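Take a look at the structure below.
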Amino acid sequence: MAEQEYITLFAEVLLPLPVKGYFTYRVPQELNGLVAPGMRVVVQFGQKKFYTALIRRIHNQPPKTMSVKYLLAAIDPWPVVNEKQFALWEWMAEYYLCTVGEVMNAALPSAYKLASETRVVMDPEFVKDGDLLSDREFMVVEALEIQKILTLTDISRIVGMTKVIPLIKTMIEKGIVRVEEEITERYKPRTETCIRLTEAYRSEALLNAGMDRLNKRAYKQLQALMAYISMSRCFTDHPLEISRPELLKTPDISAAQLDGLIKKGILETYSRNVSRLNHDEASDSSRNIVFSDAQKQVLAELKSLLKGTGIALLKGVTSSGKTEVYIHLIEEVIGSGKQVLYLLPEIALTTQIIRRLQKYFGNKVGVYHSKYNEFERIEIWNKANIPLSDNQQHQPYQVLLGARSALFLPYTDLGLVIVDEEHDSSYKQNDPAPRYNARDAATVLGHIHQCPVLMGSATPSVESFFNAVSGKYGLVNLNERFGSLQMPEIRIVNIREEARMKRMKSHFSPQLLDAIKQALSAGEQVILFQNRRGFSLRLECDTCHHIPECINCDVTLTYHKQVNVMKCHYCGYTTRVPDICPECHSPAVKMRGFGTEKVEEELSILFPDAVIGRMDLDTTRTKNAYQRIIGDFESGKIDVLVGTQMVTKGLDFDNVSLVGVLYADGMMSYPDFRALERSYQLMAQVSGRAGRRYKRGLVMIQTNNPKHPLLQWVVDDNYDAMFEQQLSDRYKYKYPPYYRLIEVSLRHRDYELLNKAASALAGMLKPVFGGLMLGPEYPLVSRIRNLYIKNLMLKTGKGLQGKQHKAELARQLEIFKALPDYKSVRIIIDVDPV
Ligand code: ADP
Ligand code: ZN
Ligand code: ZN
């Protein structure tokens with residue numbers, strides 16, 4: 015140590031910004047020995063801006079550049095990011111052609127990245143107590159009482175000090191301030207009003223005195239109080255928390271008596287977060303699984319495939335017991351002291367699955383979810399980390415259940431990564447960079463931790479199944495539903511024919527209506543799948559065929575009945591519905607196409623006694639709304655659930671006997687090379703919701719094109735036929751899994767400039783990619799938020815050739831970005847777009 019004081023050290027740091035590479039700062043001598051890789055420090059970057067940076071390396075080689083700034087302050091006493099995380103970030107930046115800073119930005123919770131422009135607010139739970147605040151903290155609190163939101167730049171002006179990041183970090187830890195949430199609709203844990211004895215009456219002696227008084231004047235209240243005491247067992251070793259509604263259910267206690275006791279200061283109310291996780295309503299809470307022979311076979315195969323660093327794909331039909339298999343494997347891994355990461359698509363992360371895991375693993379499970387607020391996320395972040403020092407004392411989570419961003423938690427010792435519903439396209443982050451696919455990144459994470467990776471799906475992606483049949487991944491099949499539950503019967507309904515015979519009632523064939531009627535009269539539930547949200551796809555003038563479009567984007571507006579407006583699904587632009595055509599002033603404006611909201615409305619006319627629920631992006635903006643709809647459907651409050659693909663995601667409803675697909679053609683004809691694969695997956699997944707426990711389910715698929723081979727494959731549950739056909743097409747047209755795609759998207763306000771730029775870049779890339787470059791072309795939606803868009807699609811081989819292509823692309827883009835004419839053109843690179 016003594017020696018170190020005289021050495022000049024330099025730190026290479028990473029900034030959470032889209033800038034390339036690491037930046038070198040000089041370590042002030044008083045920080046020698048106090049800084050290490052993975053710790054956060056404060057640095058100045060650019061004019062007067064302060065950032066939280068992460069130290070990547072420390073060395074004593076003076077950089078060649080003339081002036082090197084000093085690190086301004088150290089934030090952490092120990093590293094917050096470990097080597098394995100850096101390894102994942104660096105892989106991601108290289109593979110997805112973005113900067114490590116962008117990955118850092120996605121990976122770290124906001125409160126870990128304080129910077130000049132970070133906005134802070136008062137913590138809503140903070141109670142001001144002047145004595146406990148330092149002078150500077152007091153100044154910040156006073157300022158926030160007046161201004162509500164302050165940036166760190168504001169704060170440094172207020173407290174008269176430039177390096178405010180450490181100050182704010184401490185204030186966050188003390189629960190005084192919070193980083194302003196980017197998400198406006200925060201996840202709020204549901205709270206419940208509970209009852210307890212007030213402090214003064216928590217000793218038996220005092221309580222007895224109080225009871226004596228009650229005995230004389232308020233006998234009823236005394237009875238109520240005794241009932242509370244016996245229910246809550248508050249004087250035993252195992253007291254229980256009692257909610258107000260629970261208490262009022264007992265015959266001895268009325269609301270008046272309860273309020274009387276509260277007024278007398280004997281009882282008090284407090285609110286408790288009802289962690290959804292602890293709600294264990296399942297009756298069979300003790301795990302008592304006897305695996306079937308098929309399941310045993312699967313487990314044995316998986317165990318041998320998952321030795322070391324194996325990757326396996328479990329293809330198992332819905333309800334075959336995949337989740338039970340995961341649970342068994344998780345048990346074994348955590349038994350050996352290692353951690354398990356269990357990834358699910360965001361939307362499938364419902365109470366159902368959380369509760370199920372919680373039931374087996376209790377508080378060893380942590381859940382990481384984009385709708386959790388910053389605070390909850392930091393807590394889970396910290397608890398994902400196995401303590402490295404004595405200062406970090408906590409019980410770490412051993413099972414982390416989360417959506418794609420859970421990849422970034424600070425695992426130290428993963429023993430298994432599970433990617434459930436691996437075919438789901440929401441594993442891909444489309445915007446902003448890093449545009450990563452969590453399924454693919456999971457295999458790299460497994461490699462970094464030298465642990466196995468298990469992917470599971472009833473309908474694997476063509477890419478993963480290809481990897482499995484070509485031997486890159488192990489493949490295990492589980493073809494039977496558990497408990498001899500039958501696969502549903504699938505019927506195709508020819509709606510072209512029904513329409514010709516004039517038998518359609520709006521969007522419903524008589525066959526489907528009959529089936530709905532039968533299900534409802536048997537007290538069973540129905541799911542109807544329609545791939546579009548909104549009331550009607552669009553408005554169209556019958557006279558001049560004008561279709562109202564967004565003023566910022568090149569898309570038609572969608573009518574939303576509930577709020578009676580037309581809305582752009584790309585930018586949110588909203589306008590009122592015209593009574594007459596804005597072009598020709600004809601009053602004949604009509605609805606065309608149909609979405610979930612329209613279906614919901616028509617159904618309520620056709621089945622006035624049924625309760626209809628709807629689940630789509632519009633009805634599930636908040637996490638609570640989503641859970642509420644599922645809860646209402648589960649508990650039978652909703653008879654028919656109409657929804658977009660959300661209804662296909664891994665939910666188990668025991669009482670659903672009928673699933674209807676209203677219009678299969680829409681998705682099958684979508685102009686995308688994955689359209690048929692997706693349609694197959696959607697139809698197979700939504701069919702899996704039919705007939706779970708008691709009887710064989712029925713699925714009805716309405717189509718204009720009943721002879722389409724894909725529909726036959728869905729009926730026959732013939733994934734292999736779909737796969738073979740897709741493979742031959744993809745080979746012929748050079749698509750994944752044979753080639754990788756890279757989309758280069760150019761955007762600019764100026765149409766002419768954009769065209770010139772796109773041709774120029776195409777000219778530079780042509781010699782590299784030759785026939786493997788498509789475009790430049792306008793995409794389906796060629797203007798969004800007033801930016802015109804032109805895309806190049808590049809195809810690269812796999813392996814070395816792919817790597818060389820990518821490196822060359824990166825080089826050409828550097829050159830292009832430096833061209834003065836095109837500096838203002840935005841370029842977005844998407845590797846493996848979905
Ligand atoms: P999947 O994940 O493939 O859809 P699940 O694991 O959810 O299938 O299994 C479907 C249902 O069958 C669940 O209720 C599950 O608890 C039950 N189940 C599966 N295997 C068994 C078993 N061996 N013993 C008892 N119940 C089982
Ligand atoms: Zn018109
Ligand atoms: Zn728009």
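The sequence shown begins at 15 in our numbering and counts up one residue at a time. Every residue, glycine too, gets a C-beta built ideally from N, C-alpha and C. Just so we're clear, the structure is a prediction, and the values are computed from it rather than from any experiment.
Taking 3 residues as the shortest admissible run, the segment 370 to 451 contains the following complete beta strand (DSSP E) segments, listed from N- to C-terminal end: 379 to 382, 413 to 416, 428 to 434. Per DSSP, F667 lies in no alpha helix (DSSP H) and is assigned neither H nor E. In the structure shown, R517 adopts coil according to DSSP, grouped into three states. According to the DSSP assignment, M153 belongs to the alpha helix (DSSP H) that extends over 149 to 161.
Proximity annotation: ligand 3 has residues C564, N566, C567, C582, Y584, C585, Y587 in chain order, each selected because its CB is closer than 6 Å to a heavy atom of the ligand.
Taking 7 Å as the cut-off, one finds at least one heavy atom of ligand 1 near enough to the beta carbon of I303. Short of 6 Å from the beta carbon of Y382, and not among the five residues preceding or following it, lie these beta carbons of its own chain, in chain order: I394, G416, A420. Beta-bridge annotation (DSSP): A67 is paired with V55. Secondary structure at N638: helix, using DSSP grouped into helix, strand and coil. Within 10 angstroms of the beta-carbon of E615 lie 16 or more other beta-carbons, which makes it buried. Non-local beta-carbon contacts of M629 in its own chain, meaning distances under 7 Å to residues more than five positions away in sequence, involve I643, L655, G657, M660, V661 in chain order.
Under the 8 Å Cβ criterion, the segment 731 to 749 does not count as touching the segment 564 to 571, having fewer than three qualifying pairs. A straight-line Cα-Cα distance of about 6 Å links A326 and L319. Counting along the chain, E828 sits inside the alpha helix (DSSP H) bounded by residues 813 to 831.
Proximity of the beta carbon of Q500 to ligand 1 is not indicated: no heavy atom of the ligand is located closer than 7 Å. Per the C-alpha coordinates, the member of R286, V331, Y36 positioned closest to I256 is R286. With 16 or more other Cβ atoms inside 10 Å of its own Cβ, M185 counts as buried.
Rounded to the nearest whole angstrom, the C-alpha separation of L146 and M136 is 16 Å. Beta-bridge partners of L468 (DSSP): A326, I432. Counting along the chain, E26 sits inside the beta strand (DSSP E) bounded by residues 23 to 28.
In this structure L808 is in contact with F783, their Cβ atoms being roughly 5 Å apart against a cut-off of 8 Å. Annotation for D438 indicates a beta carbon at 7 Å or more from all heavy atoms of ligand 1. Checking the 7 Å criterion, the Cβ of T473 is out of range of every heavy atom belonging to ligand 1. Between I182 and the set V577, K516, V56, S600, the nearest pair of CA atoms involves V56. Rounded to the nearest whole angstrom, the CA to CA distance from A482 to H521 is 40 Å. The three-state reading of DSSP puts I186 in helix, counting H, G and I together. A238 and D273 do not touch by the CB rule: their CB atoms are close to 10 Å apart, not below 8 Å. Contact check for V117 against M106 passes: the beta carbons are separated by less than 8 Å. At least one heavy atom of ligand 1 falls within 7 Å of the beta-carbon of S333. Shortest gap from the CB of S701 to any heavy atom of ligand 1: 7 Å or more. DSSP, read as helix, strand or coil, puts Q500 in coil.
Assignment of P259 by DSSP, reduced to helix, strand and coil, places it in the helix class. The beta-carbon distance between Q500 and R710, rounded to whole angstroms, is 4 Å. This is short enough to meet the 8 Å contact definition.
By the criterion of at least three beta-carbon pairs nearer than 8 Å, the segment 572 to 587 is in contact with the segment 796 to 804. The alpha helix (DSSP H) runs lying completely inside the segment 667 to 729 and spanning 4 residues or more are 678 to 682, 689 to 701, given in chain order. Residue burial annotation: A398 is buried, with at least 16 other C-beta atoms found within 10 angstroms of its C-beta.
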